[in-house]
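**Q** Submitted below is the structure of interest, expressed as structure tokens.
Residue numbers (full-length UniProt numbering): 1 to 397.
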């Protein structure tokens with residue numbers, strides 16, 4: 001009787017061991033499975049060591065059972081352990097983007113909103129300045145997850161939150177009660193709350209309330225997290241076409257003519273663009289003072305109703321700005337961003353020399369004033385003396 005492990009059938013080509021036939025069949029099956037799996041594998045990831053797709057599961061069969069655990073580990077998409085992969089994937093969130101700055105889509109943000117709680121602190125959230133479509137995904141995510149919202153005007157902010165189906169308790173923190181309200185916000189944060197602060201439009205603390213609140217929270221040693229977004233300053237500058245990258249933002253100029261002209265006089269010699277906000281009921285007076293104090297040949301950008309339906313942005317000489325306003329009553333409507341372009345170098349030097357002469361001539365005779373002004377500015381004494389004589393009637397008046 002032949003042994004159990006072999007056969008002597010002539011039909012099988014002589015004496016062939018059964019275990020040898022089984023080994024060849026198993027090896028062939030494993031090879032076929034590997035070829036099919038590798039052919040369906042996606043492109044390799046730049047961050048993880050990849051060999052094949054993670055979708056290597058098939059129905060239980062002799063083919064999959066014959067693959068050893070060591071070979072199964074080699075067929076994984078990464079050499080990291082499953083626990084390490086889960087920790088790596090959990091790094092990305094709207095509060096802390098990944099180190100590679102991957103974009104968080106809506107699905108991942110909504111999922112992380114239920115997984116990652118906000119730390120106690122103040123979240124300074126920028127809101128749209130006219131077009132509600134300008135709000136960022138991160139701003140919406142923060143507003144949905146904070147415990148309460150501090151607002152410059154609870155009525156305006158309440159409408160914004162209702163538009164995006166967000167319901168949160170509101171705290172009034174406006175300009176006139178900011179110091180008192182800041183103490184209540186700090187107490188909420190110390191109790192473990194995450195509080196968002198929004199102004200009526202744009203970025204808080206930029207010609208809006210919010211700076212005192214931020215200072216109070218920082219003084220208490222608590223976290224302040226900026227949530228960036230729209231700002232009328234940067235929006236207008238992006239469409240002004242300034243070749244120079246230097247600009248100075250001054251917010252709203254003084255409402256009274258005397259202080260307003262004094263401020264403009266102090267800024268006339270600066271070789272940078274001057275950026276102001278202005279209300280529609282004062283824009284005509286402000287532009288008239290700019291023409292009188294600054295050089296009328298300087299360019300100016302007038303931007304009104306930014307991101308809204310009747311948005312208007314014009315570039316023209318400063319001397320022509322009052323006429324443009326008077327040409328159409330609609331040109332005076334809406335909040336304005338006024339960008340006075342930088343002066344030429346010669347105009348800037350003349351403005352500085354005139355400012356120095358104006359100060360010295362109030363106490364000294366023209367000859368001595370011109371001499372001292374020449375030492376201060378480096379200009380010619382004779383030229384400054386002529387300027388001093390031209391300024392003398394104005395100073396006497």
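Ideal Cβ positions, reconstructed from N, Cα and C, are used throughout, including at glycine.
1) Alpha carbon to alpha carbon, what distance is there between residue 215 and residue 180?
2) Do you know offhand how far residue 276's Cα is from residue 293's?
3) Any idea what DSSP makes of residue 248, helix, strand or coil?
4) Taking only the alpha-carbon atoms, compute the straight-line gap between residue 389 and residue 359 and give it to the nearest angstrom.
5) Taking the beta carbon of residue 217 as the centre, do at least 16 other beta carbons fall within 10 Å, making it buried, or is it exposed?
6) Going by DSSP, what residue range makes up the beta strand (DSSP E) through residue 339?
7) Tell me the DSSP secondary structure of residue 331 in three-state form.
8) Since I believe residue 122 is in contact with residue 143 (beta carbons under 8 Å), could you give me their beta-carbon distance rounded to a whole number of angstroms?
9) Considering only C-alpha positions, which residue in the set 230, 296 and 251 is nearest to residue 138?
10) Please identify the residue among 298, 247, 193 and 184 whose C-alpha is closest to the C-alpha of residue 118.
11) DSSP state of residue 396, grouped into three classes?
12) If residue 336 and residue 288 are in contact, beta carbons under 8 Å, what's the gap, nearest whole angstrom?
13) Can you tell me which of 260, 188 and 178 puts its alpha carbon nearest to the alpha carbon of residue 147?
14) Can you tell which of 333, 308 and 321 has the C-alpha that lies nearest to the C-alpha of residue 297?
15) Kindly indicate which three-state DSSP category residue 148 falls into: helix, strand or coil?
16) I'd like to check one pair, residue 203 with residue 126: are the Cβ atoms closer than 8 Å?
17) Quick check: what's the CA-CA separation for residue 319 versus residue 300?
18) I'd like the ranges of any beta strand (DSSP E) spanning at least 3 consecutive residues and lying wholly in the region 271 to 315.
19) Run through DSSP, which three-state label would residue 171 get?
20) Assess contact between the region 220 to 230 and the region 246 to 260, defined as three or more Cβ pairs (one per stretch) separated by less than 8 Å. Is contact present?
21) Which residue wins for smallest C-alpha separation from residue 239, given the options 199, 183, 314 and 177?
22) Residue 284 to residue 330, Cα distance in whole Å?
23) Quick check on residue 49: buried or exposed, where buried means 16 or more other Cβ atoms within 10 Å of its Cβ?
24) With residue 213 as the anchor, note down where its alpha helix (DSSP H) starts and where it stops.
25) If I measure Cβ to Cβ from residue 206 and keep anything under 7 Å in the same chain, skipping five residues before and after, which residues do I get?
26) Nearest by alpha-carbon distance to residue 149: which of 362, 172 and 132 is it?
27) Tell me the residue span of the beta strand (DSSP E) that contains residue 268.
28) Could you give the distance in angstroms between the alpha-carbon of residue 380 and the alpha-carbon of residue 153?
29) Apart from the five residues just before and just after residue 291, which ones in its own chain have a Cβ nearer than 8 Å to its Cβ?
30) Round the Cβ separation of residue 129 and residue 201 to the nearest angstrom and send it over; I've been treating them as touching at under 8 Å.
**A** Taking the definition as stated:
1) 13 Å
2) 15 Å
3) strand
4) 14 Å
5) buried
6) 336 to 340
7) helix
8) Not a contact, Cβ separation roughly 13 Å.
9) 230
10) 193
11) Any reading at residue 396 must be qualified, since the residue scores a pLDDT of 48, below 50, and its modelled position is unreliable; the value itself is stated next. Residue state, collapsed to three classes: helix.
12) So it is not a contact: roughly 14 Å between Cβ atoms.
13) 188
14) 321
15) strand
16) yes
17) 9 Å
18) 273 to 278 and 299 to 304
19) strand
20) no
21) 314
22) 13 Å
23) Because the pLDDT at residue 49 is just 49, under 50, the model does not fix this residue reliably, and the value given afterwards should be weighed accordingly. Residue 49 is exposed by the Cβ-count criterion.
24) 211 to 219
25) 231 and 233
26) 172
27) Counting along the chain, residue 268 falls outside any beta strand (DSSP E), and DSSP gives it neither H nor E.
28) 56 Å
29) 318, 319, 321 and 322
30) 4 Å
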